[in-house]
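Let me begin by presenting the structure, written as structure tokens, before commenting on it.
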Amino acid sequence: MLFGGNGRKDDLVLECIRVVDPTQGIDEVLTVTVEQGVITRLEPTATTASGRIVAPAFVDPHVHLRTPGREDEEDIASGTRAAAAGGYCAILAMPNTDPVIDSAAVLGALVERAEVEAEIPVGFLAAISKRQEGAELTEMIELAERGAAGFSDDGRPVVSAGLLRRALQYHEVAGRPIALHCEEPALSRSGQMHEGIVSAELGFHGYPSVAESVMVGRDLALAAHEGQPIHLLHLSARESVEALHQAQAAGVAATGEVTPHHLCLTDEAVRSLDPNLKMNPPLRSEEDRKALIEGIRDGTIAAIATDHAPHAGYEKDVPFEEAPFGVTGLETAFAVLNTRLVEPGILSLATVLERLSAGPARIYGLEPPRIAVGAPANLVVLDLEATWCVAHDEFRSRSANSWLLGSTLTGKVVQTVADGKIVFAA
Amino acid sequence: MAEVRPLLRDELLPPRRLERRHLISIADLTREDVERLLSLARAFGRSLEREVKKLPTLKGRTVVNLFFESSTRTSSSFELAAKRLSADVMSIKSSGSAVDKGESLKDTAITIGAYDPDVVVIRHPHIGAPHVVARWTKAHIVNAGDGTHQHPTQALLDLYTIDEELGGVSGVHVAIVGDVLHSRVARSNIQALALMGARVTVVGPPALIPRGIEALGCEVSYSIDTIRDADVVYVLRMQRERMLEGANYVPSLREYTARWGVTPGRLRPGQKVMHPGPMNRGVEIDAAVADAADALIERQVRSGLVVRMAVLYDLLTHGPVEVKVAEIEEVA
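Residue numbers (the numbering used here), protein chains in the order written: chain A, 1 to 426; chain B, 427 to 758.
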């Protein structure tokens, strides 16, 4: 299910470092020894004054690698290099490429490229419907056999309730998670930003919260009816979180994810008309942001996903209204969450680390990265005190459409080990 | 765990700020800015009563009008305003230019920037276009209308007209009627009128009044009867070209006109009527209303000239370009 990034298995000793692994209940100073890519020793040591910690490396369940079709914006090598620099040991790529990943042949070609080019292990979701047109199901069993990590028409909703129902029924045998982009197009229409006071002031067609939450409600109802699990992508609205919470309480196997930008920003930011603040779903109100943070805190939302969406500079340097949706996020996710949510005491470090790593891994049935003797080394060393400035020229990603350009962040990825191999060192 | 605290201003705004002085949105202006501009416009108004109307004030300055949308009054009035101030003016329309060949706005801005213009006046169908030109030229930018966002000089000329006609803006009650949702004029006017202490009521069908518009400082009514309470009835153009097909904001234009058209019977004697033009007679405004003595529509056009002179002058005299303020006082 994950491909590439194999090969070398490194040796490594991290002496006297604070080890934080929420899934193992560890938060203590240890010396960590890695031999041949496997954690072999965890030894108690003296305390440390360093701001560095080591944690299970991150898993990003929602990345756009733009390959095939738009390799000028990102390719497997650049995207996985960016992920390594962001502390990730595995990422999952969405299938809304050109061509769409909707057949075993296209998926197979991509897997072969990943085996050669990927810096860290990468998985690929395949489309639910052919060409993501929402009309015909893809050959989900064959795609699963060829290694699809899951299924999604991300970028678009599955408009037809009937088609989604069939996909859920087929999931019984195909067996890989179905991830849904919840948007009712008749309500989002040509909406450019959240419908609210700011859109009224700026004159934009609004993309109301209800455009997401009615689809969340419908998809949860279908999942309940079919008794199948679903994963809800990039949640943005309070009503969606509430609906997910209620469905989970009623026993529906539904999971959710949220992006760093939805946790850190509101529609107020759009007043600048910076195209790097244009994304789908849009930034919403402070009430929505609070509900998303609460969802992360109480576990309703199990994963933080970047929805890393690279765009060429010439495509984004246009009037806001003409700009495509999407922002990059792989290289800034931890730092911005640490700066905006952990440091002010809004979320605990342990919660953020868990939602960046084990949370998303479990959703897709991946082995959660952990710090334990005998486990493969999937580690990230973080300096919680280091500050750095997000600069246009320093991204490993081929694109620089980050909403954080020019911002100073606290918390830096120092080293990343993915599947036993040191893939990044600052 | 700490409570989620409200976002700080520094966290909301991205790092790229516009450094030069521009006129992009009424929201960027203070009451003092507006008062200064209106007083400058009055001075220019007096200068236009003279036989020789041209002033040497902006001699040697270059103003580029960049129009990506059709316009009669705005483009002609900016052009004449620049000429009356002796600036060199160049007007570029999207049709017949490199834009027809698919040139991006950024490249057009860079091309024009190569001439070192002092001011670029831009009209564009999309929100945020003036920001792109501001990023890629060193000129002062004047927004002459960007999509459904803002049209600040229209609001300033409307303030000027009301001020001249009613002897002030503060305390005046203005009803803005029609398609507020798609109207940059409405947004700029609500903000400008509220800033100057006027009372504003927007009136129209629910789907054409954006939710949350009250935050700009206005009241909302869905009944045309409320326009009778106002001193000024400001009629918006029913922008048929912006109505998405099948969007059903109103069932039909016929129903719109029957329910929200401004007709003589819905007005009180002495109420002033304004319209930013171009009018759809018989749709949002009855022909008899448009032609009545209380209609200020032609006055608005006249105001446009002096207000745009004031805007050009103000940007070039308070900004990085050194022009002595005394010059205007002499000519005025």
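Note that the Cβ used here is the ideal one computed from N, Cα and C, for glycine as well. For clarity, every value in this text was computed on a predicted model and none was experimentally measured.
Check                                                                                                                                                                                                         : Outcome
Identify each residue in the stretch 196-228 of chain A for which the Cβ-Cβ distance to at least one residue of chain B is less than 9 angstroms, and report them in chain order.                             : Gly-196, Ile-197, Val-198, Ser-199, Ala-200, Glu-201, Leu-202, Gly-203, Phe-204, His-205, Gly-206 and Pro-208
I'd like the list of long-range same chain contacts for A:His-392, defined as Cβ closer than 7 angstroms, with 5 residues on each side in sequence excluded.                                                  : Ala-400 and Leu-405
Return the chain-ordered list of same chain residues with a C-beta closer than 7 angstroms to the C-beta of A:Cys-16, the five sequence neighbours on each side being excluded.                               : Val-29, Thr-31, Thr-45, Ala-46 and Thr-48
In angstroms, rounded to a whole number, what distance separates the CA positions of A:Ala-148 and A:Pro-157?                                                                                                 : 19 angstroms
Could you confirm whether any beta carbon from chain A is found closer than 8 angstroms to the beta carbon of B:Thr-537?                                                                                      : no
In three-state terms, what does DSSP make of A:Gly-150?                                                                                                                                                       : strand
A:Trp-388 lies in the beta strand (DSSP E); which residues open and close that run?                                                                                                                           : 379-389
Using a 10 Å radius around the Cβ and a threshold of 16 neighbouring Cβ atoms, would you call A:Thr-408 buried or exposed?                                                                                    : exposed
Report yes if the C-beta distance between A:Ile-441 and A:Ile-422 is below 8 angstroms; otherwise report no.                                                                                                  : There is no way to answer for residue 441 of chain A, as the model of chain A reaches only from 1 to 426.
Counting only Cβ-Cβ distances shorter than 9 angstroms, please list the residues of the stretch 569-585 of chain B near chain A, keeping chain order.                                                         : Asp-572, Gly-573, Thr-574, His-575 and Gln-576
In three-state DSSP terms, what is B:Thr-563?                                                                                                                                                                 : coil
In chain A, what lies closer than 7 angstroms to B:Gly-638 by C-beta?                                                                                                                                         : Gly-196, Ile-197 and Ala-200
Listed from N- to C-terminal order along the chain, which residues in the stretch 318-335 of chain A have their beta-carbon within a distance smaller than 7 angstroms of any beta-carbon of chain B?         : Val-318, Pro-319, Phe-320, Glu-321 and Glu-322
Over what stretch of residues does the alpha helix (DSSP H) that includes A:Tyr-314 continue unbroken?                                                                                                        : 313-316
Run through the DSSP bridge pairs and tell me what B:Asn-799 is partnered with.                                                                                                                               : Residue 799 of chain B falls outside the range modelled here, since chain B spans only 427 to 758, and no answer is possible.
What are the residues that DSSP puts in a beta bridge with B:Gly-730?                                                                                                                                         : Answer by DSSP bridge pairing: none, since B:Gly-730 is not bridged.
Beta-carbon of A:Val-20 versus every beta-carbon of chain B: anything under 8 angstroms?                                                                                                                      : no
Could you tell me which uninterrupted alpha helix (DSSP H) segments, each at least 4 residues in length, are contained entirely in the stretch 585-661 of chain B, listed from first to last along the chain? : 610-621
Work out the CA separation of B:Ser-517 and B:Arg-692 for me, nearest whole Å.                                                                                                                                : 41 angstroms
Give a yes or no on whether the minimum CB-CB distance between A:Leu-353 and chain B is below 8 angstroms.                                                                                                    : no
Counting only the same chain and skipping the five closest in sequence on each side, list residues whose C-beta sits under 6 angstroms from that of B:Pro-556.                                                : Ile-450, Ile-548, Ile-567, Asn-569 and Asp-572
Quick check on B:Arg-613 - is its C-beta less than 8 angstroms from some C-beta in chain A?                                                                                                                   : yes
Taking A:Gln-248 as the reference, give the member of A:Glu-226, A:Leu-220, A:Val-258 and A:Arg-41 with the closest Cα.                                                                                       : A:Leu-220
What residues in its chain sit with their C-beta under 7 angstroms from that of B:Lys-519, if we drop five residues either side in the sequence?                                                              : Phe-493
Would you kindly work out how many angstroms separate the C-alpha atoms of A:Glu-439 and A:Gln-415, rounded to a whole number?                                                                                : Absent from the model: residue 439 of chain A. The displayed extent of chain A is 1 to 426, so no value can be given.
Is the separation between the beta-carbon of B:Val-732 and that of B:Phe-470 shorter than 8 angstroms?                                                                                                        : yes
Is the CB-CB distance between A:His-225 and A:Ser-285 below 8 angstroms?                                                                                                                                      : no
To the nearest angstrom, report how far apart B:Ile-650 and B:Gln-697 are at their CA atoms.                                                                                                                  : 14 angstroms
Using C-beta distances below 7 angstroms, list every residue in its chain close to A:Glu-331, excluding the 5 sequence neighbours before and after it, in chain order.                                        : Ala-82, Ala-85, Gly-86, Phe-395, Arg-396 and Ser-397
Ignoring anything shorter than 3 residues or poking outside the stretch 290-344 of chain A, list the beta strand (DSSP E) runs there in chain order.                                                          : none
When the Cβ atoms of the stretch 160-175 of chain A are set against those of the stretch 99-117 of chain A, are three or more pairs found closer than 8 angstroms?                                            : no
Report, in whole angstroms, the separation of the C-beta atoms of A:Val-59 and A:Ala-90, which I expect to be a contact under 8 angstroms.                                                                    : 5 angstroms
Please classify B:Tyr-682: does DSSP put it in a helix, a strand, or coil?                                                                                                                                    : helix
Rounded to the nearest angstrom, what separates B:Val-611 and B:Ala-718 at their Cα positions?                                                                                                                : 22 angstroms
Considering only the alpha carbon of each residue, which of A:Val-270, A:Tyr-207, A:Tyr-170 and A:Val-116 lies closest to A:Thr-138?                                                                          : A:Tyr-170
Using the beta-carbon count (16 or more within 10 Å), is A:Asp-267 buried or exposed?                                                                                                                         : buried
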